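Numbering (our numbering), first residue to last: 183 to 691. Virtual Cβ for every residue (Gly too), placed ideally from N, Cα, C. Treat the numbers as computed from the prediction; the structure is a model and nothing was measured. Notes follow the structure.
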Ligand SMILES: [Zn+2]
C-alpha cells in the first residue's frame, strides 16, 4: 500500500524570513487561503509571540482558513506556548510547534545552557503544550550538527511527553543526502518509542541540496516534509514545495510506495501569488515553475518536441496548472470575457476585487494592443497588493533628456489630503523619488532596483521591484505600468505603504 507523505508548508513562517519579504496580515491570509486550495496538509503561518502584527495575522488565518492543520511556532517557553495557543485555538485543527536547539554549538553559544537542562526544558515545554492540544510538534533545531546519542535521548523523552511529530531540521543546510539518511536510520533504530511519532524533515538550501535531502528522507521513513513555495526562506531558502511534489509524480517509478495529496493544478497560481505579494521574483531557470522551464530554444529540441513532447519535456505544463491556452483580450473585451479568463487562470475574485482588476485592465488595454496572461497576473497582483495604501499616486510628470536637468512633479494623496512636490535628480526616477521623500519626510535608502518586461514587445508592461531600507529593516515594493517611470514610482510607494502598514500593525519595535 502506498504511504501518505504529509506536506507541511512554511512559506508564511520560514519563507517570510526571507530578507524584505514582510507581508501584512491581509496578504498572509490571502496566501493561506491559496495554500488550502493547493491542499497542503499543514500550514505553518507564523511565530505569534514575535510581534502583535504577527499574532493578528496568525489568528485571522486560524479563524478563516479551513482544511489544513494550522500551526504556530513557539520557543520552549511557557509564555511562547500560551501566546501561540491563543493565536491558533480557533482553527479546525490547531498545532503547536515547539523548537529548541540540540547541537553543541547552539546549546553552548546561543542558549548558554547545559544539555541536561535543555532536555528537561524541552520535555516540560511539550507537556505544557499538550495541555492545550494533542497536536504538538517538536523540532530539534540544528539536528544535523547534533550528537546522535543526545538526540536519541531527547527524542525518546519528547515522545514520552506527548509530541506527535518529531522534526529534524537541517537548519544551516549542511547535510549531504547519504549522511542525512544515515542519521534518520540511526534515530529510527535506536529510539525505542519512535513508532509513536511521525518523523519530519526541514531542509535548507545553502548547498543546493534541500530538495534532494528531503526526497531521499522519504525512503528512510520520513512521513512529513517541510517545504516552501518557490523554495524561499532564510538565507538560500528551504526545500521547494513544487519541486518535491512534482518529482514524486514524474518519478512515480522511483517513489511508487508513496503519495501526497497536493492539488498540483494550483501550483502555478500559488507560486505567482507568493512571488508577487512577497516581491521576490522567480528565477527564469527555476525548476518546475520558472518561465523557461517549458521553453525550448535549440532547433534540435524544438524539432523533437513537435514530433513527440516527451523527447525533451518530462513535465507537462498542465500538471502544474500553467499555460493552459493563450488568451487574447483587447480594449473591447467586456467584463464577461475578462472574468472568464480570470476563472480559467484559477482566480475567482469577489465583485469588489473584480472591479479593481477590470479598471486596471481597461487602463492597460488602452495602452497596449493585446493583453496576455502574464499581464493579467500582474494586474491581479496590483489589485491585491495595494490594499489600503497610505499614499497613492495622483499625478506624475518628469522631464529628462540629454541636455536638461532631470526633474519631477509628484502629486500624492493621503486620506483626503493632497501633497505636491518638485525635485531634481540624476535621472527622472531619482527626481521622482526625491520628490516623494520630501512629501513623506521618511529617510529611506534605495537598496535594490529591478526592472523587467512582463511580456515581449515594445508596448510590454514593465514591472519594477525595489528594496528600500528604513531604520535597519528592508521593505520590498513592486509596481507595473507600460511607462517605466510610473512603474518605478508605484513600486517605491508600494514599499513605503508596506513600511507604514508594518509600523501601524504594531510591529515597529
Ligand atoms: Zn528553517
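Min CB distance residue i to chain B below 8 Å
i           : result
residue 499 : No chain B appears in this structure, which consists of one protein chain only.
Cβ neighbour criterion (16 or more within 10 Å) applied to residue i
i           : result
residue 190 : buried
residue 491 : exposed
residue 507 : Low confidence applies to residue 507: its pLDDT is 45, below 50, so where it sits in the model is not reliable enough to give any reading.
residue 333 : buried
residue 512 : exposed
residue 251 : buried
residue 166 : The question about residue 166 has no answer here: the residues shown for the chain are numbered 183 through 691.
residue 729 : Shown here, the chain extends from 183 to 691; a query on residue 729 therefore has no answer.
residue 196 : buried
residue 390 : exposed
residue 361 : exposed
residue 682 : buried
residue 534 : exposed
residue 584 : exposed
residue 261 : exposed
residue 296 : exposed
residue 408 : buried
residue 423 : buried
residue 586 : exposed
residue 650 : buried
residue 602 : exposed
residue 661 : buried
residue 550 : buried
residue 277 : buried
residue 202 : buried
residue 674 : buried
Contact test: residue i Cβ vs ligand 1 heavy atom, cutoff 7 Å
i           : result
residue 279 : no
residue 196 : yes
residue 661 : no
residue 353 : yes
residue 226 : no
residue 416 : yes
residue 349 : no
residue 522 : no
residue 384 : yes
residue 420 : yes
Contact check, residue i vs residue j, beta carbons under 8 Å
i           : j           : result
residue 194 : residue 210 : yes
residue 222 : residue 230 : no
residue 254 : residue 228 : yes
residue 293 : residue 283 : yes
residue 379 : residue 335 : no
residue 502 : residue 449 : yes
residue 633 : residue 658 : no
residue 578 : residue 668 : yes
residue 680 : residue 206 : yes
residue 225 : residue 214 : yes
residue 440 : residue 185 : yes
residue 426 : residue 453 : no
residue 279 : residue 324 : no
residue 416 : residue 199 : yes
residue 458 : residue 418 : no
residue 344 : residue 318 : yes
residue 607 : residue 619 : no
residue 382 : residue 341 : no
residue 542 : residue 531 : no
residue 273 : residue 249 : no
Selection from the options that minimises the alpha carbon distance to residue i
i           : options               : result
residue 208 : 346, 243, 318 and 631 : 243
residue 574 : 622, 493, 472 and 583 : 622
residue 540 : 515, 549, 550 and 556 : 515
residue 595 : 652, 672 and 610      : 672
residue 610 : 588, 592, 602 and 601 : 588
residue 429 : 582, 394, 604 and 363 : 394
residue 309 : 286, 331, 258 and 273 : 258
residue 238 : 269, 518 and 581      : 269
residue 497 : 432, 557, 684 and 482 : 432
residue 411 : 468, 548, 571 and 232 : 468
residue 544 : 326, 460, 663 and 476 : 663
residue 656 : 626, 636 and 406      : 626
residue 338 : 551, 369, 554 and 232 : 369
residue 400 : 388, 420 and 366      : 366
residue 548 : 311, 290, 256 and 642 : 642
**Message:** Give the list of continuous alpha helix (DSSP H) stretches no shorter than 4 residues that lie fully inside the stretch 215–247.
**Reply:** Listed in chain order, they are 234–246.
**Asked** Which ranges does the beta strand (DSSP E) cover as unbroken runs of at least 3 residues, wholly within the stretch 353–426, from first to last along the chain?
**Response** Correct list: 380–385 and 406–409.
**Request:** May I have a chain-ordered list of the beta strand (DSSP E) segments no shorter than 3 residues that lie completely inside the stretch 597–661?
**Result:** The beta strand (DSSP E) runs lying completely inside the stretch 597–661 and spanning 3 residues or more are 599–606, 627–635 and 644–652, given in chain order.
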